[in-house]
Amino acid sequence: KKAPIHLLTTASLARLKALHPDGAADPRRFRPNIVVDMAPVDGSFPETEWIGRKLAIGDLVLTISEPCRRCGFTIIAQDGFDNDPGILRNLVRYNAHNLGVYCTVDQPGRVDIGAPMRFVAA
């Protein structure tokens, strides 16, 4: 059973866009529950490196449990996006098929738009 929360960073979207400039690296294509706005990290999909860490956003505390393996649905045309096999091709090539991470909820809580993310001790 997968963890209930899918978290994605704008840094990973920027990395995907750098690898696939003609593609639409829009978060709506990937259906995350939470998008964390952060500066790009050169050559990295940063949340993939956070597996096992705890983080807090507002009152919510999460443990990052595993990478989110992407499937063929990410390339299918959607409202506002064309069919784009290059999206998945680049994720397979550069991030082991993954984009974003799954998280378990350690402490439920309110998350407001713009709430900062911070790592917490395990």
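Counting in this note's numbering, the sequence shown runs from 90 upward without gaps.
Just so you know, even glycine gets a beta-carbon here, dropped at the ideal spot from N, CA and C.
>> Starting from residue 146, trace the beta strand (DSSP E) in both directions and tell me its first and last residue.
In response: 143–146
>> Output needed for residue 152: all residues of its chain with C-beta closer than 6 Å, excluding positions within five of it in sequence on either side, in chain order.
In response: 143, 193 and 195
> Roughly how many whole angstroms lie between the Cα atoms of residue 137 and residue 167?
Replying inline: 26 Å
>> Can you tell me where the beta strand (DSSP E) holding residue 153 begins and where it ends?
In response: 149–158
>> Let's see if you can read the secondary structure: which residues bound the beta strand (DSSP E) around residue 132?
In response: Looking at the DSSP string, residue 132 is not in any beta strand (DSSP E), and its letter there is neither H nor E.
>> Within 10 Å of its beta-carbon, does residue 182 have 16 or more other beta-carbons around it, so buried, or fewer, so exposed?
In response: exposed
>> So for residue 207, helix, strand or coil by DSSP?
In response: strand
> Would you call the region 160–178 and the region 95–102 touching, i.e. three or more CB-CB distances under 8 Å?
Replying inline: no
> Can you round the beta-carbon distance between residue 44 and residue 103 to whole angstroms, since I take them to be within the 8 Å contact cut?
Replying inline: The displayed coordinates of the chain run from 90 to 211. Any statement about residue 44 would go beyond what the structure contains.
> Which same chain residues, not among the five before or five after residue 109, have their C-beta less than 7 Å away from its C-beta?
Replying inline: 175, 176 and 179
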